[in-house]
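Residue numbers (UniProt numbering): 1 to 262. The structure under discussion appears below in the form of structure tokens.
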Amino acid sequence: MCRFLAYSGAPVFLEDLVAAPCHSLIHQSLHAEETKTGTNGDGFGVGWYGDRREPGLYREVRPAWADENLLSIARQVRSRLFFAHVRAATGTATTRANCHPFAHGHHLFMHNGQIGGYGLIRRKLESLIPDALYGVRVGTTDSEAIFLLTLAGMTDGMAPGEALAWALGEALALMQQAGIREPLRCAAALADGDSIHAVRWSSDPKPPTLYLCDRGDSVIIASEPVDAARDCWQALPANTLVTVRSGAVVLSPFEVGLKQAA
């Protein structure tokens, strides 16, 4: 399982969360505590919003703990909204194209989890991605496929949470048709430069961990708490969507409808 964090609020240096805290994301790349494996060394990425509408992006296949460029960028880049992710691959190649976060237009997306039996449904799942979006697919992960399907749903007028639920529902339906018994697990975050939508969901009772820390002037969503201020960190309930916009935090149920999964 991967580890990630999303930040929205008063501009801070990426270093303040990615590198500096006692349980920073770089620390989690070697010493994750709430996942099956403590090492997340199959690449990393950061994506941030600055003065332009489109986000900046830096991804690399080296482990986060061994990349001096990441430390330099984190020390220099200040942002009001950014994503960071360290990857533990689940069956697809360790390449830059497969590192999170993924970006298209003004959107960022990252994911922790897995589509069970992905190799058995990959071709059918990819066939659901519209041509206009399939052309921008450069990697091979289930995560990128979910991202592009979510964007397709949003293009059709769905709200972000609704679009992600639809995309997961399509994947789950294909899994059921293929007789796959493995679960579909998803902790994910989607940003548009102004808001963050994050979910914690699974088709079984074991969704990936996800926490929320509301500091008043900022909000952090992370796979694991990054600092010792544990009173701030709230574990999100299973099957929950959290939306962060203009400092406001809204939690709502997240459901993958039975109709899509039938």
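Ideal placement from N, C-alpha and C gives every residue a C-beta, glycine not left out.
Here's the rule: buried if 16 or more other CB atoms are within 10 angstroms of the residue's CB, otherwise exposed. What is residue i?
i       : result
Gly-157 : exposed
Ser-246 : exposed
Val-256 : buried
Val-226 : buried
Ser-72  : exposed
Val-138 : exposed
Val-250 : exposed
Pro-130 : exposed
Ala-235 : exposed
Ala-228 : exposed
Ala-145 : buried
Secondary structure at residue i, three-state DSSP: helix, strand or coil?
i       : result
Phe-254 : coil
Thr-35  : coil
Gly-153 : helix
Val-46  : strand
Ala-132 : helix
Arg-62  : coil
Asp-227 : coil
Leu-212 : strand
Arg-80  : strand
Ala-262 : Since pLDDT at Ala-262 reaches only 37, below the 50 mark, its modelled position is unreliable, and the value read off the structure follows with that caveat. Residue state, collapsed to three classes: coil.
Ala-163 : helix
Gly-9   : strand
Met-1   : coil
Leu-236 : coil
Ile-180 : coil
Asn-98  : helix
Leu-14  : coil
Gly-202 : The amino acid occupying residue 202 in the given sequence is Ser; Gly does not appear at that position. Reduced to three states, the DSSP call for Ser-202 is strand.
Starting from the Cα of residue i, find the closest Cα among the options and give me that residue.
i           : options                               : result
Phe-254     : Glu-170, Trp-233, Trp-166 and Gly-56  : Trp-166
His-85      : Arg-75, Ala-248, Asp-204 and Ser-24   : Ser-24
Asp-204     : Thr-243, Ala-238 and Trp-233          : Ala-238
Ala-32      : Gly-119, Gly-45, Ser-223 and Thr-240  : Ser-223
Cys-213     : Glu-15, Met-1 and Thr-243             : Thr-243
Ala-173     : Tyr-118, Leu-190 and Ser-29           : Tyr-118
Gly-193     : Gly-161, Ala-228, Tyr-7 and Tyr-134   : Tyr-7
residue 267 : Ile-196, Asp-231 and Ser-202          : What is shown of the chain runs 1 to 262, which leaves residue 267 out entirely.
Leu-168     : Ala-188, Ala-178 and Ala-229          : Ala-188
Leu-125     : Ala-89, Thr-37 and Ala-171            : Ala-171
Gln-177     : Asp-51, Ala-229 and Ile-121           : Ile-121
Thr-142     : Gln-28, Glu-162, Pro-160 and Asn-112  : Reading the sequence as shown, one finds Asp at residue 142 and not Thr. When only C-alpha atoms are compared, the closest one is Asn-112.
Phe-4       : Ala-159, Tyr-134, Ala-198 and Arg-52  : Ala-198
Glu-54      : Ile-221, Thr-37 and His-106           : His-106
Gln-114     : Ala-191, Ser-202, Gly-161 and Leu-133 : Ser-202
Thr-37      : Pro-11, Thr-90, Gly-56 and Leu-17     : Thr-90
Leu-190     : Gly-161, Arg-52 and Ile-220           : Gly-161
Leu-17      : Ala-159, Gly-50, Leu-133 and Ile-220  : Ile-220
Quick test of your reading: residue i and residue j, contact by CB under 8 Å. State the CB separation rounded to the nearest angstrom.
i       : j       : result
Phe-147 : Val-77  : Wrong, their Cβ atoms sit about 23 Å apart, outside the cutoff.
Pro-207 : Arg-215 : The pair is not a contact, with the Cβ atoms about 24 Å apart (cut-off 8 Å).
Thr-150 : Leu-164 : 5 Å
Arg-80  : Gly-9   : 7 Å
Pro-21  : Gly-41  : With 8 Å as the limit, Pro-21 and Gly-41 do not qualify as a contact, their Cβ atoms being about 19 Å apart.
Which same chain residues end up closer than 6 Å to residue i when comparing Cβ atoms and leaving out the 5 residues on each side of it in sequence?
i       : result
Val-61  : Gly-43, Thr-94 and Arg-96
Glu-34  : Thr-209 and Glu-224
Phe-83  : Ala-6, Gly-47, Pro-101, Leu-108 and Met-110
Asp-217 : Gly-9 and Ala-10
Please determine whether the Cβ atom of residue i lies at a distance below 7 Å from any heavy atom of the ligand MN.
i      : result
Thr-35 : Here there are no bound small molecules, and the ligand MN is not part of this structure.
Spatial neighbours of residue i within its chain, please: CB distance less than 7 Å, with the 5 preceding and 5 following residues excluded, ordered by chain position.
i       : result
Gly-116 : Met-175, Ile-180, Glu-182, Pro-183 and Leu-184
Thr-140 : Thr-92, Ala-93 and Asn-98
Val-136 : His-104
Ser-252 : Leu-241
Ala-19  : Ile-26, Leu-71 and Ala-74
Trp-65  : Ile-26, Ser-29 and Leu-30
Arg-87  : Cys-2, Asn-40, Asp-42, Gly-43, Phe-44, Cys-99 and His-100
For residue i, I'd like the list of residues in its chain whose CB is within less than 8 Å of its CB, leaving aside the five on either flank, ordered along the chain.
i       : result
Asn-69  : Tyr-58 and Glu-60
Leu-258 : Low local confidence applies: a pLDDT of 47 at Leu-258 is under 50, so the model's placement there is unreliable, and no value is given.
Asp-67  : Phe-44 and Glu-60
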